[in-house]
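Asker: Encoded as structure tokens, here's the structure I'll be asking about.
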Amino acid sequence: MAELHEVEEWLGALLSQLEPAMRTKMLREVARDVRRIQQNNITLQRSPDGTAWEPRRVTARTKPGRIRRKMFTKLKTAKYLMAQADDNEAVIAFKNDVQRIALVHHYGLRDKINKSRKVIKYPVRILIGVNKETIDIVLTRMIEFLS
């Protein structure tokens, strides 16, 4: 955690050297790159630290000869997983429409499938997070802009 704090201070010092328009441009590109990493993790169904998610439970959908679709195929699209930036910050977040679904899966909360069903406890599936690869890409992108 102390390492992350040091990186934040260093990044803040670098950002203060850039003009607001250049900072916005750089942060927009950084946010886009980080969103790509998060989308790739969701596609591979793994947490940012590289551990695999707990698989779906066996249902009629998962039996042989039935419809099969990976989890969160729509949730990871740019329409729902948004990357925004201004001259002070870059944010990667889920759109309000799907934020509840993402939070339930991210933290492993309880939720109803629909109003007539019982409450189900979902396993923890970390959708968005920071790892060493993400920090390296952010630092690389910032160094490119400063040089």
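All letters in the sequence shown, in the order written, are residues 117 to 263 by the numbering used here. Note that the Cβ used here is the ideal one computed from N, Cα and C, for glycine as well.
Can you say whether ALA129 is buried or exposed, counting buried as having 16 or more other CB atoms within 10 angstroms of its CB?
Answerer: Within the sequence shown, residue 129 is the residue found at index 13, counting from 1. Per the 10 Å Cβ criterion, exposed.
Asker: Alpha carbon to alpha carbon, how far is SER232 from ASP318? Give it in angstroms, no decimals.
Answerer: This structure leaves residue 318 out entirely; the chain is present only between 117 and 263.
Asker: Can you confirm whether the segment 221–237 touches the segment 127–142 when touching is taken to mean that 3 or more C-beta pairs between the two stretches lie within less than 8 Å?
Answerer: Contact fails: fewer than three Cβ-Cβ distances are below 8 Å.
Asker: Which partner residues does MET198 have in the DSSP bridge list?
Answerer: Locating residue 198 in the sequence shown gives position 82, where the first residue counts as 1. DSSP output for MET198 lists ALA209 as bridge partner(s).
Asker: Starting from the C-beta of ALA209, find all residues in its chain whose C-beta is less than 7 Å away, skip the five residues before and the five after it, and write them out in chain order.
Answerer: For the purposes of this step, residue 209 is taken as the residue at position 93 of the sequence shown. Once the five neighbours on either side are set aside, the close Cβ partners of ALA209 are MET198.
Asker: Between ILE253 and ASP149, how many whole angstroms is the CB-CB distance? I'm expecting something under 8 Å.
Answerer: Looking up residue 253 in the sequence shown gives position 137. Looking up residue 149 in the sequence shown gives position 33. About 5 Å; that satisfies the 8 Å criterion.
Asker: Evaluate ASN247 with the Cβ neighbour count: other Cβ atoms within 10 Å of its Cβ, from every protein chain shown; 16 or more gives buried, anything less gives exposed.
Answerer: The residue given as residue 247 occupies position 131 in the sequence shown. Label assigned to ASN247: exposed.
Asker: Name the residue from THR256, ILE244, PHE261 and LEU262 whose alpha carbon lies nearest to the alpha carbon of ASP165.
Answerer: Against the sequence shown, residue 165 aligns to sequence position 49. When only C-alpha atoms are compared, the closest one is ILE244.
Asker: Exposed or buried, which one is TRP169 when buried takes at least 16 other CB atoms within 10 Å?
Answerer: For the purposes of this step, residue 169 is identified with residue 53 of the sequence shown, where counting begins at 1. TRP169 comes out buried.
Asker: Starting from VAL246, follow the beta strand (DSSP E) in both directions and report where the run begins and ends.
Answerer: Position 130 of the sequence shown holds residue 246. Careful: VAL246 lies outside any beta strand (DSSP E) and carries neither H nor E.
Asker: At which residues does the alpha helix (DSSP H) containing LYS141 begin and terminate?
Answerer: Locating residue 141 in the sequence shown gives position 25, counting from the first residue. Taken as a continuous stretch (DSSP letters only), the alpha helix (DSSP H) holding LYS141 covers 136–159.
Asker: Please identify the residue among ARG241, GLU249, LEU255 and MET258 whose C-alpha is closest to the C-alpha of ARG172.
Answerer: The residue given as residue 172 occupies position 56 in the sequence shown. Of ARG241, GLU249, LEU255 and MET258, the residue nearest in Cα terms is ARG241.
Asker: Secondary structure at ILE253, three-state DSSP: helix, strand or coil?
Answerer: Here residue 253 corresponds to residue number 137 of the sequence shown, with the count starting at 1. Reduced to three states, the DSSP call for ILE253 is helix.
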